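Student: Protein chains in written order, with the numbering used here: chain F, 1 to 264; chain R, 265 to 570. Glycine included, C-beta positions come from ideal geometry on N, C-alpha and C. Only a predicted model underlies this, so the values are computations on that prediction, with no experimental measurement involved.
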Ligand SMILES: Nc1ncnc2c1ncn2[C@@H]1O[C@H](COP(=O)(O)OP(=O)(O)OP(=O)(O)O)[C@@H](O)[C@H]1O
Ligand SMILES: [Mg+2]
């Protein structure tokens, strides 16, 4: 039998780790980094945003959960576009060696491009369209383009990894092309696809902050950037913690879904 | 003309330079209603021969004639029981069989299809496991699902690639009797591949030895004239049985002593584990191999006689 404190270590150790970081933060703000607000001040200044999470005092002065919802909604739209476009592209890459040879080099070059580089292009791209929200389209363009690649590449790998035996079953049964796709190929690829979906969601959430900063849209990232420009540093830290927390929750959720499909 | 016929079929794999010639000059004629067993060593090309009979592989030279057609596409009229079961791991036992039934008997009503599926699941004694996934089944149970799926298609010819290989002796005997019974009842044409001469002689009208590869070829067919239904206990003391058994093994042994070598090959085990996503290498330029599956990362080195 372990002593009782050891059975609680899953709780105690993270708390200790957190306390250590708080201490480091506190010491830094009182020594070499004069502008960094200390933990107590940060909490004090963040209180209105945390304790009234749904308040709306102005376009860029809203409760933290309200900002989070705005950001999440934008991410959801961009992410949906990424999946809708990325999954079929992945299938084509996996199915057709010709298609793969033609587009793989381009994908490998576009994949590492930073969202900060895509956003201006998005602004230019949609600038001449009438009756649309150019900044929103540019943000969606950036999120979709940056977060698409893990879905594309994992789907392609998954399609290539479909065992020949499964396809032989489809051939012996003379399944139509459509049925082969829906009854054999998609289920066989799903575990790979969901790995891609999870990685894509992580990237989409990374990109949102950059997109909001550059466009000044209301959201966690936009708020962060505005407070920085207004020299109010406490809420920057609040935003960072919020972004991290939301990213963590999203990743957990996707892992749960992903695991469900892996055992299938 | 025969029902199912191979004429001068040869088959090899790989590009020039590092080719393996697997089958050479295979001639085979199977009449409607006949039960033919092909007996051969492991790795000699039995599954390759079966894939050619099923139409899944095209021979590099020679012709396949089936039911009056020249080298036709695969279809449910040639029902193949895959050596590695090839069940779809995301479907239950019932759904695996139903996939075949729904496809082949799309003209029947849903209720008729359901009872048809149930009947074949019951035939292999898997009704208690009907809602289990392949990963929850033993090897023998998977093999029975695979047999049920193929029998449920009611094919014109049944192609059995070592269908009872993974079974214990008792289940094996039960399913052997089951195959013999179905065959008699339905006048089914059957090609059975096995490495067990006793099984071949118990079931077949004709036993054909396949010499060891490379360039494996079929030996003379040895008719089994024992009357059906055959009793496995009585048959072992039977004089004809011993004669035929002797003939088959002698032929295989004679072909075996020509020369020996060893070979290493990847073992592709029955595919029941999910893909190993952690093993894939990041794709770069150029062509990519497919991701490895956990159960493929195994090789065996065996001594084979050539
Ligand atoms: N797709 C392929 N590519 C390359 N070589 C192959 C391929 N399929 C089979 N072979 C080779 O052909 C030979 C015969 O294989 P096959 O699977 O037909 O043997 P088998 O008689 O069915 O063996 P077993 O009794 O173990 O099932 C082996 O040497 C194998 O390595
Ligand atoms: Mg085989």
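Tell me the rounded alpha-carbon separation between residue 271 of chain R and residue 422 of chain R.
Tutor: Stepping through the second chain from its first residue, residue 271 of chain R is reached at position 7. Stepping through the second chain from its first residue, residue 422 of chain R is reached at position 158. Each residue's alpha carbon lies about 20 Å from the other.
Student: Just to check, is the beta-carbon of residue 463 of chain R closer than 7 Å to a non-hydrogen atom of ligand 2?
Tutor: In the second chain, the residue the question calls residue 463 of chain R occupies position 199. Not under cutoff, so the answer is no.
Student: As an exercise, report each continuous beta strand (DSSP E) stretch of at least 3 residues that is fully enclosed by the segment 305 to 344 of chain R, in chain order.
Tutor: Here the runs fully enclosed are 325 to 330.
Student: Please specify which runs of the beta strand (DSSP E), each continuous and at least 3 residues long, are wholly inside the segment 51 to 92 of chain F, giving them in chain order.
Tutor: Qualifying beta strand (DSSP E) stretches, in chain order: 56 to 58.
Student: Out of curiosity, what's the CA-to-CA distance linking residue 11 of chain F and residue 17 of chain F?
Tutor: Within the first chain, numbered from 1, the residue matching residue 11 of chain F stands at position 11. Within the first chain, numbered from 1, the residue matching residue 17 of chain F stands at position 17. Going by the C-alpha atoms only, they are around 10 Å apart.
Student: Using a threshold of 8 Å, state whether the C-beta atoms of residue 151 of chain F and residue 115 of chain F are closer than that.
Tutor: As a first step, residue 151 of chain F is located in the first chain; it is residue number 151 there, counting from the start. As a first step, residue 115 of chain F is located in the first chain; it is residue number 115 there, counting from the start. Result no, Cβ atoms of residue 151 of chain F and residue 115 of chain F do not sit closer than 8 Å.
Student: Give the residues whose C-beta lies closer than 5 Å to at least one heavy atom of ligand 1, in chain order.
Tutor: Spelled out in chain order, the answer is R:277, R:286, R:306, R:307, R:308, R:309, R:310, R:311, R:312, R:529.
Student: Using the DSSP secondary-structure output, state which residues sit across from residue 293 of chain R in a beta bridge.
Tutor: Working through the second chain from its first residue, we reach residue 293 of chain R at position 29. Its beta-bridge partners are R:269.
Student: Taking residue 110 of chain F and residue 122 of chain F to be in contact with their CB atoms under 8 Å, please state how far apart those CB atoms are, rounded to whole angstroms.
Tutor: Position 110 of the first chain, counted from the first residue, corresponds to residue 110 of chain F. Position 122 of the first chain, counted from the first residue, corresponds to residue 122 of chain F. With 8 Å as the limit, residue 110 of chain F and residue 122 of chain F do not qualify as a contact, their Cβ atoms being about 14 Å apart.
Student: Using 8 Å for Cβ pairs, my map puts residue 25 of chain F next to residue 39 of chain F. What's the rounded Cβ distance?
Tutor: Residue mapping note: residue 25 of chain F aligns to position 25 of the first chain, counting from 1. Residue mapping note: residue 39 of chain F aligns to position 39 of the first chain, counting from 1. Yes, they are in contact, since the Cβ atoms of residue 25 of chain F and residue 39 of chain F sit about 6 Å apart, within 8 Å.
Student: Could you round the C-beta distance between residue 353 of chain R and residue 399 of chain R to whole angstroms and report it? I think they count as a contact, below 8 Å.
Tutor: Taking the second chain and counting its residues from 1, the one referred to as residue 353 of chain R is at position 89. Taking the second chain and counting its residues from 1, the one referred to as residue 399 of chain R is at position 135. That belief holds up - the Cβ atoms of residue 353 of chain R and residue 399 of chain R are roughly 6 Å apart, short of 8 Å.
Student: Under the rule that 16 or more other beta-carbon atoms within 10 Å means buried, what is residue 304 of chain R, buried or exposed?
Tutor: For the purposes of this step, residue 304 of chain R is taken as the residue at position 40 of the second chain. Classification of residue 304 of chain R: buried, given that the 10 Å Cβ count is 16 or more.
Student: Identify whether residue 470 of chain R lies in helix, strand or coil by the three-state DSSP scheme.
Tutor: In the second chain, residue 470 of chain R corresponds to position 206, counting from 1. In this structure, residue 470 of chain R counts as strand in the three-state DSSP scheme.
Student: For residue 460 of chain R, report the span of its alpha helix (DSSP H) as first-last.
Tutor: In the second chain, the residue the question calls residue 460 of chain R occupies position 196. Residue 460 of chain R -> no alpha helix (DSSP H), and no H or E assigned at all.
Student: If you reduce the DSSP assignment to three classes, tell me which class residue 286 of chain R lands in.
Tutor: The residue given as residue 286 of chain R occupies position 22 in the second chain. Here residue 286 of chain R sits in strand by DSSP.
Student: Contact between the segment 313 to 325 of chain R and the segment 155 to 173 of chain F: three or more CB pairs below 8 Å?
Tutor: Flag = yes, the segment 313 to 325 of chain R and the segment 155 to 173 of chain F touch.
Student: Say yes only if the C-beta of residue 165 of chain F is nearer than 7 Å to one or more non-hydrogen atoms of ligand 2, and no if none qualify.
Tutor: Sequence index remark: in the first chain, residue 165 of chain F carries index 165 (1-based). No, since every heavy atom of ligand 2 falls outside the 7 Å radius drawn around the Cβ of residue 165 of chain F.
Student: Flag this pair as yes or no: are the beta carbons of residue 275 of chain R and residue 312 of chain R separated by less than 8 Å?
Tutor: As a first step, residue 275 of chain R is located in the second chain; it is residue number 11 there, counting from the start. As a first step, residue 312 of chain R is located in the second chain; it is residue number 48 there, counting from the start. Yes; because the gap between Cβ atoms is below 8 Å, this pair is in contact.
Student: Given this structure, state the Cα-to-Cα distance separating residue 190 of chain F from residue 158 of chain F, to the nearest angstrom.
Tutor: Sequence index remark: in the first chain, residue 190 of chain F carries index 190 (1-based). Sequence index remark: in the first chain, residue 158 of chain F carries index 158 (1-based). Using only the alpha carbons, I get a separation of about 8 Å.
Student: Between residue 297 of chain R and residue 374 of chain R, what straight-line distance do the alpha-carbon atoms span, to the nearest angstrom?
Tutor: Reading the second chain from its first residue, position 33 is the one you call residue 297 of chain R. Reading the second chain from its first residue, position 110 is the one you call residue 374 of chain R. About 31 Å.
Student: Which residue from R:382, R:347, R:396, R:419 puts its Cα closest to that of residue 338 of chain R?
Tutor: On the second chain, position 74 is the one that residue 338 of chain R refers to. Cα-wise, what sits closest to residue 338 of chain R is R:419.
Student: What I want to know is whether the C-beta of residue 347 of chain R ends up closer than 7 Å to one or more non-hydrogen atoms of ligand 2.
Tutor: Counted from its first residue, the second chain places residue 347 of chain R at position 83. Yes - ligand 2 has a heavy atom lying nearer than 7 Å to the Cβ of residue 347 of chain R.
Student: Which of helix, strand or coil does DSSP assign to residue 16 of chain F?
Tutor: To locate residue 16 of chain F, count along the first chain from 1; it is residue 16. In the structure shown, residue 16 of chain F sits in a helix (DSSP, three-state: H, G or I).
Student: Hey, out of R:306, R:345, R:508, whose CA is closest to residue 416 of chain R's CA?
Tutor: The residue given as residue 416 of chain R occupies position 152 in the second chain. It is R:345 whose Cα lies nearest to the Cα of residue 416 of chain R.
Student: Any heavy atom of ligand 2 closer than 7 Å to the CB of residue 426 of chain R?
Tutor: Residue mapping note: residue 426 of chain R aligns to position 162 of the second chain, counting from 1. Yes, Cβ of residue 426 of chain R sits closer than 7 Å to a heavy atom of ligand 2.
Student: Could you name the residues of the same chain whose beta carbon sits closer than 6 Å to that of residue 166 of chain F, not counting the 5 residues immediately before and after it, in chain order?
Tutor: Position 166 of the first chain, counted from the start, is the residue given in the question as residue 166 of chain F. Contacts found: 184, 188.
Student: Decide if residue 308 of chain R is buried, meaning its Cβ has at least 16 other Cβ atoms within 10 Å, or exposed.
Tutor: If you number the second chain from 1, residue 308 of chain R lands on position 44. Buried, since its Cβ has 16 or more Cβ neighbours within 10 Å.
Student: Below 7 Å CB to CB, which residues in the same chain sit around residue 41 of chain F once its five sequence neighbours on both sides are set aside?
Tutor: Locating residue 41 of chain F in the first chain gives position 41, counting from the first residue. Excluding sequence neighbours, residue 41 of chain F sits near 234.
Student: Can you give me the start and stop residues for the beta strand (DSSP E) that residue 619 of chain R sits inside?
Tutor: This structure does not reach residue 619 of chain R, given that chain R is present from 265 up to 570, and the question cannot be answered.
Student: Once DSSP output is grouped into helix, strand and coil, what is the label at residue 425 of chain R?
Tutor: As a position in the second chain, residue 425 of chain R is number 161, starting the count at 1. Residue 425 of chain R: strand per DSSP, three-state reduction.
Student: Cutting at 8 Å between CB atoms, please list the residues of its own chain near residue 99 of chain F, excluding the five before and the five after it.
Tutor: Position 99 of the first chain, counting from 1, holds the residue named residue 99 of chain F. Hits under 8 Å: 92, 93.
Student: Can you tell me whether residue 118 of chain F is buried or exposed, with buried defined as 16 or more other CB within 10 angstroms of its CB?
Tutor: Here residue 118 of chain F is taken as the residue at index 118 of the first chain, counted from 1. Buried: at least 16 other Cβ atoms inside 10 Å.
Student: Under 7 Å between beta-carbons, which chain R residues line up against residue 171 of chain F? List them in chain order, please.
Tutor: By 1-based counting over the first chain, the position of residue 171 of chain F is 171. The contacting residues are 320, 338.
Student: Does the segment 455 to 463 of chain R come within contact of the segment 374 to 389 of chain R, defined as at least 3 CB pairs closer than 8 Å?
Tutor: At 8 Å Cβ cutoff, the stretches do not touch.
Student: Alpha carbon to alpha carbon, what distance is there between residue 69 of chain F and residue 255 of chain F?
Tutor: Taking the first chain and counting its residues from 1, one reaches residue 255 of chain F at position 255. Taking the first chain and counting its residues from 1, one reaches residue 69 of chain F at position 69. Answer to the nearest angstrom: the Cα atoms are 21 Å apart.
Student: Report, in whole angstroms, the separation of the C-beta atoms of residue 497 of chain R and residue 437 of chain R, which I expect to be a contact under 8 Å.
Tutor: Taking the second chain and counting its residues from 1, one reaches residue 497 of chain R at position 233. Taking the second chain and counting its residues from 1, one reaches residue 437 of chain R at position 173. About 10 Å separates the two Cβ atoms, so there is no contact after all.
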